[in-house]
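This report concerns only the one structure given below.
2 protein chains.
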Amino acid sequence: MTLLNSIVIQQLKRHGALSEVDETLLIELEHNSRRVTAGEILWQEGSDVELFCVLKAGWAYSFRYLDNGSMQILKVYLPGDIIGMRDFGFSKRLAGVAMINAGVICPFSPQHLCQLIRTSPTLAAGMVAIAVRQQAMLTERLVYIGRHTAQQRLGHFLYEIYLRLRRIGAVEEGRFQLPLSQEQLGDVLGLSAVHVSRTFSMLREEGLVLKERQEVFFPDPGALAKMVEFNTTYLDEALPPAFLSSD
Amino acid sequence: MTLLNSIVIQQLKRHGALSEVDETLLIELEHNSRRVTAGEILWQEGSDVELFCVLKAGWAYSFRYLDNGSMQILKVYLPGDIIGMRDFGFSKRLAGVAMINAGVICPFSPQHLCQLIRTSPTLAAGMVAIAVRQQAMLTERLVYIGRHTAQQRLGHFLYEIYLRLRRIGAVEEGRFQLPLSQEQLGDVLGLSAVHVSRTFSMLREEGLVLKERQEVFFPDPGALAKMVEFNTTYLDEALPPAFLSSD
DNA sequence: AGCACTTCATAACATAGGTTATAGGCGGCT
DNA sequence: AGCCGCCTATAACCTATGTTATGAAGTGCT
Chain U
51 MTLLNSIVIQ
61 QLKRHGALSE
71 VDETLLIELE
81 HNSRRVTAGE
91 ILWQEGSDVE
101 LFCVLKAGWA
111 YSFRYLDNGS
121 MQILKVYLPG
131 DIIGMRDFGF
141 SKRLAGVAMI
151 NAGVICPFSP
161 QHLCQLIRTS
171 PTLAAGMVAI
181 AVRQQAMLTE
191 RLVYIGRHTA
201 QQRLGHFLYE
211 IYLRLRRIGA
221 VEEGRFQLPL
231 SQEQLGDVLG
241 LSAVHVSRTF
251 SMLREEGLVL
261 KERQEVFFPD
271 PGALAKMVEF
281 NTTYLDEALP
291 PAFLSSD
Chain B
51 MTLLNSIVIQ
61 QLKRHGALSE
71 VDETLLIELE
81 HNSRRVTAGE
91 ILWQEGSDVE
101 LFCVLKAGWA
111 YSFRYLDNGS
121 MQILKVYLPG
131 DIIGMRDFGF
141 SKRLAGVAMI
151 NAGVICPFSP
161 QHLCQLIRTS
171 PTLAAGMVAI
181 AVRQQAMLTE
191 RLVYIGRHTA
201 QQRLGHFLYE
211 IYLRLRRIGA
221 VEEGRFQLPL
231 SQEQLGDVLG
241 LSAVHVSRTF
251 SMLREEGLVL
261 KERQEVFFPD
271 PGALAKMVEF
281 NTTYLDEALP
291 PAFLSSD
């Protein structure tokens, strides 16, 4: 899963906004690659901002440690996502990033990114669009954590992951792998691990979510989407026209 | 309170990164201005992205309506903030924006912003930095809503507002105006209005926050900061060197 | 295969915060 | 001044979720 396959870049491409130079620049971003192990910490909160990554394979998450020893997971990254852009414009990391399972990352430097932005207005706009979309997901999480029940929070998160995985072809026959433990899910959703377990039981009894080992299946995706009142705008919204004209 | 006084722009200026042309471009952003009334809705979720604003005077907030009739307030804007940048890169609004009290806004078009970004790499970087800082505040809210008590959530929010107001010179003798109702505070923090009231009472009894009408006073700001474990990094962090060189 | 370690399910109990209700204070309008 | 409506404070009660505990199941290592 490379950047060239990502939704935003695909949209730019489909509208003929990407030049050959642009494509070359994107491919160069992924020139270096490195295997990473499950649980490996890519960087810690407070460290210097030395690199960003394209996540080629595996899942990762960004997190903040809390006073009481637990953590809040801020964002889950899937293959094709860019990791660390949140810190662009800061000199220190605002959050740590760790791998969930084993994978492959392609690190690139802030200078490289700056150069790309300076060279190609189209890609600059694309990068902004990617960053804005990540922020939109965070906003959606905020809304759900603020005023929804555990069932809605978990259901919404699972459904979002399902849609994101489907876009990158990682859903087969309605089934997908979820490598997060219940404790980690709790850290995403602001719930205790025990209550995540209870909530899975409830979702199972209601026939909305079946989970066996790491495999998840929605018997009736539409019913789940309805229960959590899923609005796909923040994931699917097309780029505005101004982004697609290669002026 | 103009953009030229904002923290990020001030930093750029202090390092001599701003050219005269840059300053002129910024001033032009605020060429148009309009009075707005208390409670006025600037735009609704789902409408077309036609403009952004510099908030010159008054407070505003962005929000999402929820199923159950209540709302989640996502962000509170103070004088000098840019409103609507969240939607840059989308063609429809992801959230509505409303005024809290009466004020003055300076609307400008997405085209205007695009042109500014194309004309000045320095300002482009500055705009990204501003957007990233707004996202950082949102992230901080997420962390607080996810796993903190009502006291910490409210205390943290009040302290953040206090620091932001102090930067723009709106704190006098440790006192500041808070034009939000308890219901609105609840919508920010994911709490019921009743519990916001209870929480104010608790903070008062503990001598951390005194509030009379709209005026707030912290008898011991340090104690409050400690209780909510306030980390100022996300507000104060300096721009990285790459942003400050005018290449 | 056996052992240690982590993850998961469920139960029993504790509590922060939601809900509903009531009453007082304050501001704006006529 | 008087009325009406909103905002705030507080109480009583309810519920979703946290906490602690226990056992079962799964995973990985030797």
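Quick note, the sequences are listed as chains U and B, same order.
Residue numbers 51 to 297, in my numbering, belong to the letters of the first sequence in order.
Residue numbers 51 to 297, in my numbering, belong to the letters of the second sequence in order.
Glycine residues also receive a C-beta, built at the ideal position from the N, C-alpha and C atoms.
This structure is a prediction, so every number in the text was calculated from the model and none was measured.
Nearest by alpha-carbon distance to U/Ile150: which of U/Asp270, U/Asp131, U/Ala288, U/Leu230 is it? U/Leu230
Which residue's Cα is closest to the Cα of B/Glu210: B/Ala288, B/Thr87, B/Phe268? B/Phe268
For the alpha helix (DSSP H) that contains U/Phe250, what are its first and last residues? 243 to 255
From the DSSP output, in three-state form, read off U/Gln94 for me. coil
With a threshold of 8 Å between beta carbons, is U/Val178 in contact with chain B? yes
If we count the other Cβ atoms within 10 Å of its Cβ and call it buried at 16 or more, is U/Ser112 buried or exposed? buried
Is it true that the region 174 to 194 of chain U meets the region 135 to 144 of chain U, where meeting means three or more beta-carbon pairs spaced less than 8 Å apart? yes
Output the distance between the C-alpha atoms of B/Leu53 and B/Ile155, rounded to the nearest integer angstrom. 12 Å
Can you find a C-beta in chain U that's less than 8 Å from the C-beta of B/Thr282? no
Is the region 275 to 292 of chain U in contact with the region 56 to 73 of chain B, if contact means three or more CB pairs nearer than 8 Å? no
Of all Cβ atoms in chain B, is any one closer than 8 Å to the Cβ of U/Gly196? yes
Indicate the three-state DSSP secondary structure (helix, strand or coil) for B/Met277 in the structure shown. helix
Please state whether DSSP places B/Phe293 in a helix, a strand or coil. helix
Determine the extent of the alpha helix (DSSP H) in which U/Val71 is found, giving its start and end residues. 70 to 79
Any beta carbon of chain U sitting closer than 8 Å to that of B/Ala110? no
Can you give me the Cβ contacts of B/Gln264 inside the same chain, cut-off strictly under 7 Å, excluding the 5 residues immediately before and after it? Gln227, Leu228, Pro229
Leaving out five residues on either side along the sequence, give the residues of the same chain with a beta carbon under 6 Å from the beta carbon of U/Tyr127. Leu105, Ala110, Ile133
Would you kindly check if the distance between the Cβ of B/Ser141 and the Cβ of B/Leu75 is under 8 Å? no
Beta carbon proximity, U/Arg114 to chain B, threshold 8 Å: yes
Minimum C-alpha distance to U/Glu90 - residue among U/Gly257, U/Gly146, U/Arg191: U/Gly146
Cβ of B/Leu253 within 8 Å of Cβ of B/Arg203? no
List the whole-angstrom C-beta distance separating U/Gln122 from B/Arg197, where the pair is believed to meet the contact cut-off of C-beta under 8 Å. 6 Å
Figure out for me which residue from B/His162, B/Leu124, B/Ala107, B/Arg217 has the closest Cα to the Cα of B/Ala152. B/Ala107
To the nearest angstrom, report how far apart U/Ile167 and B/Leu188 are at their CA atoms. 25 Å
Taking only the alpha-carbon atoms, compute the straight-line gap between U/Asn55 and U/Ala174 and give it to the nearest angstrom. 17 Å
Rounded straight-line distance, which links the Cα of B/Leu79 to that of B/Leu62: 17 Å
Around the Cβ of B/Ile77, are there at least 16 other Cβ atoms within 10 angstroms (buried) or fewer (exposed)? exposed
Given that B/Leu192 touches chain U, what residues does it touch there, using C-beta distances under 8 Å? Gln122, Leu124, Leu188, Arg191, Leu192, Ile195
Am I right that U/Ile57 and U/Arg217 are in contact with their C-beta atoms under 8 Å? What's the rounded C-beta distance? 6 Å
Simplified DSSP state of B/Met149, which is helix, strand or coil: strand
Residues in the same chain with beta-carbon distance under 6 Å from U/Gly257, minus the five sequence neighbours each way, listed in chain order, please. Pro269
From the DSSP output, read off the bridge partner residues of U/Ser112. U/Lys125, U/Val147
Quick one: which residues of the region 125 to 149 of chain U get their C-beta closer than 7 Å to a C-beta of chain B? List them in chain order. Arg136, Phe138, Gly139, Phe140, Ser141, Lys142, Leu144
In chain order, what residues of the same chain lie with their CB nearer than 6 Å to the CB of U/Thr235, ignoring the 5 residues before and after it? Here residue 235 of chain U turns out to be Leu, not Thr, going by the sequence shown. So the list reads Val246, once near-sequence residues are dropped.
Quick one: does the C-beta of U/Pro291 sit closer than 7 Å to a heavy atom of the ligand COA? Of the ligands one can find in the structure shown there are none, so the ligand COA has no counterpart to examine.
Alpha helix (DSSP H) segment containing U/Glu190, residue limits: 171 to 197
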